[in-house]
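Protein chains in written order, with the UniProt record's numbering: chain A, 1 to 91; chain B, 1 to 91; chain C, 1 to 91; chain D, 1 to 91; chain E, 1 to 91; chain F, 1 to 91. The beta-carbon is built from N, C-alpha and C at its ideal position, and this holds for glycine as well. Being a predicted model, the structure only gives us computed values, none of them experimental. Below you'll find the structure, written out as structure tokens, and then a few comments.
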Amino acid sequence: MDFSQFNSAEQAHMTKVIEKKQMQDFMRMYSSVVERCFNSCCSDFTSKALSSKEEQCVMNCADKFLKHSERVGARFAELNADAMGSQPGKH
Amino acid sequence: MDFSQFNSAEQAHMTKVIEKKQMQDFMRMYSSVVERCFNSCCSDFTSKALSSKEEQCVMNCADKFLKHSERVGARFAELNADAMGSQPGKH
Amino acid sequence: MDFSQFNSAEQAHMTKVIEKKQMQDFMRMYSSVVERCFNSCCSDFTSKALSSKEEQCVMNCADKFLKHSERVGARFAELNADAMGSQPGKH
Amino acid sequence: MSFLGRGASTPAGGVNHERMEMAINEIEMITDVFNRIVSSCHNKCISPRYSEGDLNKGESVCIDRCVAKFFEVNKKVGEKLQSAGANAAPS
Amino acid sequence: MSFLGRGASTPAGGVNHERMEMAINEIEMITDVFNRIVSSCHNKCISPRYSEGDLNKGESVCIDRCVAKFFEVNKKVGEKLQSAGANAAPS
Amino acid sequence: MSFLGRGASTPAGGVNHERMEMAINEIEMITDVFNRIVSSCHNKCISPRYSEGDLNKGESVCIDRCVAKFFEVNKKVGEKLQSAGANAAPS
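Written as structure tokens, this is what we have:
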């Protein structure tokens, strides 16, 4: 996104809005990882404690999700930049 | 919905709110169609380009989704009007 | 959550915000029950009327969802209280 | 009618925020229900092969009945929740 | 305590918007987690046949363990994300 | 440029609310699409067994192609919706 034509009051406002959204997005991402890893790794409810197998699965799942998400982010940024370049002002 | 008892300041405010929501709803609808059609039509990741079969599937899927959505909208409006009629002020 | 260090203006504001959110949460919960029970109980579309079997299923489903939700709420409150107790100011 | 009934609580030319908020809540509720119907009835009625972009006869009839049935389920669940009171929501 | 520590940043009788916002974020986070637990544990513990409206013994025990296990997963993932830093989120 | 074109509609030092809102809408749209790609490509490319925390070669290549394909689908659906106009959305 190009904020260069915004004046300083507008840029300050946008910065606050974006910071707030980033916080909310991080929270949502966090709980979506928890939900996804819980659903994939836990299916035995004869005990309320995580088994060591379940715990390992959860740790790998969270780890992999972060790496997945980072990789998607990198590709996304590249493709988005391409799209912006080819269609100025539109994408 | 019946806005007839709103004064003009209120009606102007509602119009702005509704326009903003329609924009957001349209955006959400757009990305949900993309997600649905991608999930239904794309399952070969040996190439990054859409095959002509996948592209045809996506176009049909988007087309069908719009027609589906329009038909649901028409039935929804009828049934909603009925519900309003039978329970004034409540539905 | 601990609101004790809030002044009265802040508490009044929080009360309004919380009431608004509770309304929205209730609405969202309501429509998620409808969606879940519809999806589980209705799969015959040779008629537009609910069969008595479908209706019974929907009533049981809604009933069970409420009891499920209440039970989750009770466990959630206990575990949340524990987590607050063990990590003051953080959870 | 401007000096009788609930209309009297709005200052002339001003905005009654409570009434606005209720109207906005109602719009959000209706939009949420509509989106859930679109999604549920798509899952129930539309074959995910997408060999054509038009709705066929069977899909069209299925959609009409599906929307009607969803409304019935919505009504039944609403009656259930009203009789159960609102004691399942965590605060 | 009113002229020491962070309490000092709030004007008497005024509203500290930052503190409000943090509290609201926390409520939204907790609500989001609660809703995900309700949904996940419903999928894990409740049979979708709905032949009765009450939770049976097995379902009740399953719910209790499911909520506890979800909390454990939440804690493990939280530790993981904290150690990974927040470098996976796109801006 | 400050006294020509659309820049002229913003008072010096003030905030052009319409322009802010458009920028915020754009951020929300992009975030929504990003989250859907993360979720869809996770479903398509990541095996839910989680025997390790790293992305393996096959998963990494799959993610790259998946993101590119999602962008193509996004573009195709965008063209479709633009040609269909916005007559499917209920108001």
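With respect to the 7 Å criterion, C37/B and V17/B are not classified as neighbours on the basis of their beta carbons. Taking 7 Å as the cut-off between beta carbons, the residues of the segment 52-75 of chain F near chain A are E52, G53, D54, L55, S60, I63, D64, V67, A68 and F71, in sequence order. Any Cβ of chain C closer than 7 Å to the Cβ of R49/D would place that residue at the interface, and such an atom is absent. Look at C45/F here: in three-state DSSP terms it is helix. The residue among T15/A, S32/A, E10/A and F6/A with its C-alpha nearest the C-alpha of V77/E is S32/A.
When DSSP states are grouped into helix, strand and coil, C41/A belongs to the helix group.
For the pair of segments examined, the segment 26-39 of chain F was found not to touch the segment 51-58 of chain F: the number of CB pairs separated by less than 8 Å stays below three. For S8/C, the number of other beta carbons within 10 angstroms of its own is below 16, and it is reported as exposed. Taking the beta carbon of R28/B as reference, the chain F residues within 8 Å of it are D32, listed in sequence order. For F6/C, same chain residues with a beta-carbon under 7 Å away, outside a window of 5 residues either side, are M14 in chain order. Listed by position along chain D, the residues whose Cβ is nearer than 8 Å to that of E10/B are T10, V15, N16, R19 and M20.
DSSP places Q82/F inside the alpha helix (DSSP H), whose first and last residues are K57 to A84.
Inter-residue distance for E54/A and S39/D is about 33 Å (C-alpha atoms, whole angstroms). Residue contact with chain A for V77/F: absent (no Cβ-Cβ distance below 7 Å to any residue of chain A). At a cut-off of 7 Å between C-beta atoms, S83/E does not count as an interface residue with respect to chain A. Fewer than three beta-carbon pairs drawn from the segment 14-25 of chain F and the segment 60-80 of chain A are found closer than 8 Å, and the two stretches are therefore not classed as touching.
Annotation for S60/F: no residue places its beta carbon closer than 6 Å to its own, counting only its chain and skipping 5 residues before and after.
Taking the Cα positions, V67/E is about 11 Å away from A49/A. Straight-line spacing of the CA atoms in F71/E and S43/A works out to 15 Å. The C-alpha of L81/E lies about 14 Å from the C-alpha of M23/A. In the three-state reduction of the DSSP assignment, L79/C falls in the helix class, which pools H, G and I. When the beta-carbon positions are compared, I37/F and V34/A stay at least 7 Å from each other.
Separation of R49/F and D63/A (C-alpha to C-alpha, rounded to the nearest whole angstrom) is 13 Å. F26/B and M22/D have their C-alpha atoms roughly 22 Å apart. Within a 10 Å sphere around the beta-carbon of N60/C sit 16 or more other beta-carbons, which makes this residue buried.
Between the alpha carbons of K69/E and S83/D lies a gap of roughly 33 Å. Legend: CB atoms of the segment 32-56 of chain B lying less than 7 Å from CB atoms of chain D belong to residues S40 and C41. Against chain E, a Cβ distance below 8 Å from M59/C picks out G53. With fewer than 16 neighbouring CB atoms inside 10 Å of its own CB, K20/C falls in the exposed class.
Under the Cβ criterion of 7 Å, K20/C is not counted among the residues facing chain E. As the crow flies, the alpha-carbon of S40/C is around 12 Å from that of Q56/C. Using a Cβ-Cβ cut-off of 7 Å, A83/C does not count as an interface residue toward chain D, since no Cβ of chain D sits closer than that to its own. Under the Cβ criterion of 7 Å, L66/C is counted among the residues facing chain D.
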